[in-house]
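Presented below is the structure to which this report refers.
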Amino acid sequence: MLDFSRPREPTKLETNVNDVTVELLGLLAPLLNDDITSETDLDPSARSAAVEPAMLQQALMNLCTNARDAMPDGGALTIETRAIHLTEAVDKARPGDYVRLAVRDTGCEIPDDLRDRILEPFFSTKEPSKGTGLGLSMVYTILQQHHGYLEIESEVNRGTTIAMHFPVVPQPADSSDDTLPQLLDHLSDFSAVQPFCEVSQP
């Protein structure tokens, strides 16, 4: 597990979020109860995120184990990705393109009076022996370090969806400029060069 007691600047790499999700789901399978089904809904248009892979894996694992614990009687766990465009700043996240990585469960909802506290370090709705209260706090810290943001939706009888949003890797600027080739073609034409040559003659 990563140590977040000493914040550090993450090593951001171009990371395919869909690939990380598929890999993690294989590791998660043995940790799920037999009466919990798991599936993915991955957007192939989601671009790679600028994120430290180990931190992404840790955050996703935390959300998945929280979802599992919210379904003691079984249910469905879904991991989905989406490509989105943020038009206004949210928390520390600036407007721009993001990858949305969400974990959805069909378990018990988060009470309204606790939603403002679940991101606090060491706060937990679980029994002391079943959780440290650091799971969501770590997720939130990771997102802040990557200038991303977190969304939480929870409804009675429908479960909870927690979505992480990571900035995508910027696309290279379009360097295609036909002006120079066209100019060279023009100058290679003797009829275009000739007038300049004649003026320069004594």
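Everything in the sequence shown is counted per the numbering used here, starting at 30 for the first residue and increasing by one.
Don't be surprised by glycine CBs; every beta carbon is placed ideally from N, CA and C.
In this text the structure is predicted, and so the values were computed from the model without any measurement.
TODO: Say whether the segment 187–199 touches the segment 114–132, bearing in mind that this needs 3 or more beta-carbon pairs closer than 8 angstroms, one atom from each stretch.
DONE: Contact holds: three or more Cβ-Cβ distances are below 8 angstroms.
Task: Residue span of the alpha helix (DSSP H) that contains D145, given as start and end - done: No alpha helix (DSSP H) contains D145, which DSSP labels as neither H nor E.
Task: Close-in-space but distant-in-sequence residues of the same chain around E182 (CB under 6 angstroms, 5 per side omitted) - done: Answer for E182: T190, listed in chain order.
- [ ] Let me know if R97 comes out buried or exposed under the rule of 16 or more other beta-carbons within 10 Å of its beta-carbon.
- [x] By the neighbour-count rule (16 or more Cβ atoms within 10 Å), R97 is buried.
Open item on the list: Would the segment 166–175 count as touching the segment 101–119 if we require 3 or more Cβ pairs under 8 angstroms?
Closed with: Counting Cβ pairs under 8 angstroms, fewer than three are found: no touch.
Task: Span of the beta strand (DSSP E), counted from its first residue to its last, around L61 - done: Counting along the chain, L61 falls outside any beta strand (DSSP E), and DSSP gives it neither H nor E.
TODO: Provide the residue(s) that pair with V132 in DSSP beta bridges, ordered along the chain.
DONE: The partner list for V132 (beta bridge, DSSP) reads I108, I191.
Task: Sequence-distant residues of its chain with Cβ nearer than 6 angstroms to L89 (five each side left out) - done: Cβ neighbours of L89 beyond the five flanking positions: L53.
TODO: Flag this pair as yes or no: are the beta carbons of A118 and H176 separated by less than 7 angstroms?
DONE: Not a contact, by the Cβ cut-off of 7 angstroms.
Open item on the list: Quick check: I147 and L106, are their CB atoms within less than 7 angstroms of each other?
Closed with: When the beta-carbon positions are compared, I147 and L106 stay at least 7 angstroms from each other.
Task: Integer Cβ distance of I108 from T50, believed to fall under 8 angstroms - done: Distance from I108 to T50 at the Cβ level is roughly 5 angstroms; contact confirmed, criterion being Cβ atoms closer than 8 angstroms.
Task: Span of the beta strand (DSSP E) around I139 - done: For I139, there is no enclosing beta strand (DSSP E), since its DSSP letter is neither H nor E.
TODO: Mind checking which residues open and close the beta strand (DSSP E) that includes L71?
DONE: Segment: none, L71 is in no beta strand (DSSP E) and carries neither H nor E.
Task: Three-state class that DSSP yields for P101 in the structure shown - done: Three-state result, P101: coil.
Open item on the list: For R76, tell me which candidate among P201, V46, P39 has the shortest Cα-Cα distance.
Closed with: Closest option to R76, judged by alpha-carbon separation, among P201, V46, P39: V46.
Open item on the list: Strictly by DSSP, which residues pair up with P196?
Closed with: In DSSP, P196 forms a bridge with Y127.
- [ ] Go ahead and label V197 buried or exposed: buried means 16 or more other beta carbons lie within 10 angstroms of its beta carbon, across all protein chains shown.
- [x] It counts as buried.
Open item on the list: Considering just the uninterrupted stretch of the alpha helix (DSSP H) at V168, what are its terminal residues?
Closed with: Run containing V168: 164–174, per the alpha helix (DSSP H) assignment.
Open item on the list: Distance check for H114 and P124, CA to CA, integer angstroms please.
Closed with: Rounded to the nearest whole angstrom, the C-alpha separation of P124 and H114 is 7 angstroms.
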